[in-house]
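Trainee:
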Amino acid sequence: MSASQSTQDPVPIHTDVKSWIAYVGSSVQRYLPDAKTVEISFAHKTELAGRLFEDAYKEAKVAADEQKLDGFGHLNEVLRGLAKRSSTLFEAYAQSLHSVSALEEARVEFIGKKGELNLLTRYLGQIVPSGRTVVGPVFNDMKAAFTTAIDRRRSELELAALNVRLEAEREDLTLPPRFEPVGALHPVMQVFEELAAIFADMGFAVAEGPDIEDDFHNFTALNFPPGHPAREMHDTFFMKPAADGTRKLLRTHTSPIQVRAMVNSKPPIRVIAPGRVYRKDWDATHTPMFHQIEGLVVDETVHMGHLKSCLTDAFSRFFEVPTTESRFRPHFFPFTEPSAEMDIRCDRQSGKEGGGEIKVGEGNDWLEILGCGMVHPNVLRACGIDPEKYQGFAFGLGVDRLAMLKYGMNDLRPYFEADTEWIKHYGFKPWLLPTVTGGLS
Numbered sequence: 155m156s157a158s159q160s161t162q163d164p165v166p167i168h169t170d171v172k173s174w175i176a177y178v179g180s181s182v183q184r185y186l187p188d189a190k191t192v193e194i195s196f197a198h199k200t201e202l203a204g205r206l207f208e209d210a211y212k213e214a215k216v217a218a219d220e221q222k223l224d225g226f227g228h229l230n231e232v233l234r235g236l237a238k239r240s241s242t243l244f245e246a247y248a249q250s251l252h253s254v255s256a257l258e259e260a261r262v263e264f265i266g267k268k269g270e271l272n273l274l275t276r277y278l279g280q281i282v283p284s285g286r287t288v289v290g291p292v293f294n295d296m297k298a299a300f301t302t303a304i305d306r307r308r309s310e311l312e313l314a315a316l317n318v319r320l321e322a323e324r325e326d327l328t329l330p331p332r333f334e335p336v337g338a339l340h341p342v343m344q345v346f347e348e349l350a351a352i353f354a355d356m357g358f359a360v361a362e363g364p365d366i367e368d369d370f371h372n373f374t375a376l377n378f379p380p381g382h383p384a385r386e387m388h389d390t391f392f393m394k395p396a397a398d399g400t401r402k403l404l405r406t407h408t409s410p411i412q413v414r415a416m417v418n419s420k421p422p423i424r425v426i427a428p429g430r431v432y433r434k435d436w437d438a439t440h441t442p443m444f445h446q447i448e449g450l451v452v453d454e455t456v457h458m459g460h461l462k463s464c465l466t467d468a469f470s471r472f473f474e475v476p477t478t479e480s481r482f483r484p485h486f487f488p489f490t491e492p493s494a495e496m497d498i499r500c501d502r503q504s505g506k507e508g509g510g511e512i513k514v515g516e517g518n519d520w521l522e523i524l525g526c527g528m529v530h531p532n533v534l535r536a537c538g539i540d541p542e543k544y545q546g547f548a549f550g551l552g553v554d555r556l557a558m559l560k561y562g563m564n565d566l567r568p569y570f571e572a573d574t575e576w577i578k579h580y581g582f583k584p585w586l587l588p589t590v591t592g593g594l595s
C-alpha cells in the first residue's frame, strides 16, 4: 500500500508534496538550454504547496528584478526560496502520518532509490556545469529536509507508543514484593578469594594444575622415599595400573603445582597453588576431599626470616587483627629442610560447643595453623634448579580449617552435604567481600 492509499494519510497533504515536486521540476525545466518557455500555472495548485511555491516564485522575481538577474541567477533565487520553504511542507506532511509503517512508505515513495525527490536529479545532466552548482545543492537540501521531518515524526510515534506501554505495564507498588532466592558464596570459596587477594597484594601469582597426578610430580620430585606411607593404598586414592604398571593418583596436596612451576619457570618464582586435594580420611575435622593453598618462593637470597614475615603479615590481614604473634616449632616434611609448624597466639573461650570459640591475636593459647620450611635441595635439584645458587621457602595450609576458625563452624562435614539451609546461614553474598577489599588495598 502506498502512502497515498493509507487510510491514515490525509490525501490533500500527500498531494501537496507531489505538487511541490512537480513545481520544482517545472521551475528547473524553464532554464534548460533547449527548453521552450514553460509557464507555471497555479490554477490547479493544492492549497499549501501552491501558496508556498507562489510565495517563493514572487519573492524570487522581485529579487531578480532588483538585481537585474536573468537565467540561472533568477533560478538561484527561486530555488533558495523553495529550499527555505520545503521544510514547512515536509513537516506538515510528516505530522499527517500516524504510524511507523506509513512513515516508511512515504520515505520509500519520495526519497527511496526510485523516489520522486531523487528523480529530480535527472535534470542535472541537461544543465551546464555552472548551473549544476546551483540546482544540485537545493535537491540535496530538500531530501535532507524530508529525511529530518520523517525521522522526527518517527521518534515522536515511538515515544508515544513507549508511554502507552509504560502506562499499561505500570507496577502496583501496594502489592507485597516477591523475594527470589539469591545464591550465596560457600565459605571455602570466600576464604579462597580472601587468601588469593592477600597473597596477590604481596606479589604472588596464582598457579593451577590437574587433580589427577603421576608419581613423579606428587611424590618423587618432592623427595618422598620409595617406602613412604603416603605412597600406600591406605592413605592415597590410586587409579588402576596402566599397561606399563604405572599408576595415576588423586593428588594428596597441591605441591605438584609448585613442582610444575619450578620445572617450567626460571627463578625468581613466587606463586600460590590453590586447589582440591584427596586423602583417605573422614571425621569432624577431616574429609576425603578438602582444599589447600600452598605457597612457594624461590630466589637467590630467600631465608626463614622472609617466610616468617610473609606468613605473619598474611594471617594478620586474614583474621583482621593488628598483629599476629607466632612461633615456629621444628618438624619434619620430606620436601623442606629445615621444616617447621607455625602456631599463632589465640584465646580459647570455654563453655562453647565444639571446644570453644577461638579468638586470634589475643590470649595465652597457641593454635597450630600450617606447615612450612625451606625448600629441600633435592626438590630444587629434581626440578632443574641449582641449589648452590637458589633457595626458597614453601608453606601449605588447609582452607576448610581456616574457614572453620574464622567463621565459627565446628564441623567440616556439612561443607560437602549440599544443605541449602546451611549455606544460607554460613554463605556469603558475592558482592560482600570485606577482607578481599582489604587484601587488595
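Going left to right, the sequence shown walks through residues 155 to 595 as the working numbering numbers them. Even for Gly, the Cβ is constructed at its ideal location relative to N, Cα and C.
Give the DSSP-derived three-state secondary structure of P484 in the structure shown.
Mentor: Reduced to three states, the DSSP call for P484 is strand.
Trainee: Quick test of the definition: if touching needs 3 or more C-beta pairs under 8 angstroms, does the region 515-524 touch the region 306-314?
Mentor: These segments do not touch.
Trainee: In terms of residue numbering, what span does the beta strand (DSSP E) encompassing H445 cover?
Mentor: Segment M443 to D453, the beta strand (DSSP E) holding H445.
Trainee: Taking DSSP as the reference, what is the three-state secondary structure of T169?
Mentor: If DSSP states are grouped into helix, strand and coil, T169 belongs with the helices.
Trainee: For the region 458-466 against the region 336-349, are there 3 or more C-beta pairs whose distance is under 8 angstroms?
Mentor: Verdict: no, contact absent.
Trainee: Quick test of the definition: if touching needs 3 or more C-beta pairs under 8 angstroms, does the region 442-457 touch the region 376-390?
Mentor: With the cut-off at 8 angstroms, the region 442-457 and the region 376-390 do not touch.
Trainee: Should H382 and E448 be called a contact, given that it needs their Cβ atoms to be closer than 8 angstroms?
Mentor: Cβ atoms of H382 and E448: not closer than 8 angstroms.
Trainee: Measuring straight from C-alpha to C-alpha, what distance separates P484 and S493?
Mentor: Their backbone Cα atoms lie some 6 angstroms apart in a straight line.
Trainee: To the nearest angstrom, how far is it from the Cα of Y580 to the Cα of T478?
Mentor: In a straight line, the C-alpha of Y580 is about 25 angstroms away from that of T478.
Trainee: Does DSSP put A361 in a helix, in a strand, or in coil?
Mentor: Coil.
Trainee: With a Cβ-Cβ cutoff of 8 angstroms, do F293 and F264 count as a contact?
Mentor: Cβ distance not < 8 angstroms, so F293 and F264 don't count as in contact.
Trainee: How big is the Cα-Cα spacing for A536 and H371?
Mentor: Rounded to the nearest angstrom, the two C-alpha atoms are 10 angstroms apart.
Trainee: Consult DSSP for D497 and reduce its assignment to one of helix, strand or coil.
Mentor: Strand.
Trainee: Excluding five sequence neighbours on each side, which residues of the same chain lie with their C-beta closer than 6 angstroms to the C-beta of W576?
Mentor: Contacts found: P568.
Trainee: Do S409 and F353 have their CB atoms nearer than 8 angstroms?
Mentor: The answer is no: Cβ separation not under 8 angstroms.
Trainee: Short check: CB of G525 to CB of E491, under 8 angstroms?
Mentor: Cβ atoms of G525 and E491: not closer than 8 angstroms.
Trainee: Please return the same chain residues whose Cβ sits closer than 6 angstroms to the Cβ of R433, not counting the five positions on each side in sequence.
Mentor: Same-chain partners within the cutoff: T406.
Trainee: By the three-class DSSP mapping on this structure, what secondary structure does E231 have?
Mentor: Of the three classes helix, strand and coil, the one that applies to E231 here is helix, per DSSP.
Trainee: List the residues that DSSP assigns as beta-bridge partners of L236.
Mentor: None; L236 has no bridge partner.
Trainee: Assess, as a yes-or-no matter, whether the region 172-180 is touched by the region 264-277 under the definition of 3 or more beta carbon pairs within less than 8 angstroms.
Mentor: Flag = yes, the region 264-277 and the region 172-180 touch.
Trainee: Please report the straight-line C-alpha distance between H125 and F549, rounded to a whole angstrom.
Mentor: Because the chain is modelled from 155 through 595, residue 125 falls outside the range shown and cannot be assessed.
Trainee: Whole-angstrom Cβ separation of A248 and R306, contact assumed at under 8 angstroms?
Mentor: At roughly 7 angstroms, the Cβ-Cβ gap stays under 8 angstroms, so A248 and R306 are in contact.
Trainee: Quickly, what does DSSP pair L566 with across the bridge? List them, please.
Mentor: Looking at the DSSP assignment, L566 forms no beta bridge with any residue, so it has no partner.
Trainee: Per DSSP, what kind of secondary structure is C464 in: helix, strand or coil?
Mentor: Looking at C464 - three-state DSSP - the assignment turns out to be helix.
Trainee: Under 8 angstroms between the Cβ atoms of F596 and A384?
Mentor: Not covered by the structure: residue 596. The range shown for the chain is 155 to 595.
Trainee: Can you give the Cα-Cα distance for V533 and L465, rounded to whole angstroms?
Mentor: In a straight line, the C-alpha of V533 is about 22 angstroms away from that of L465.
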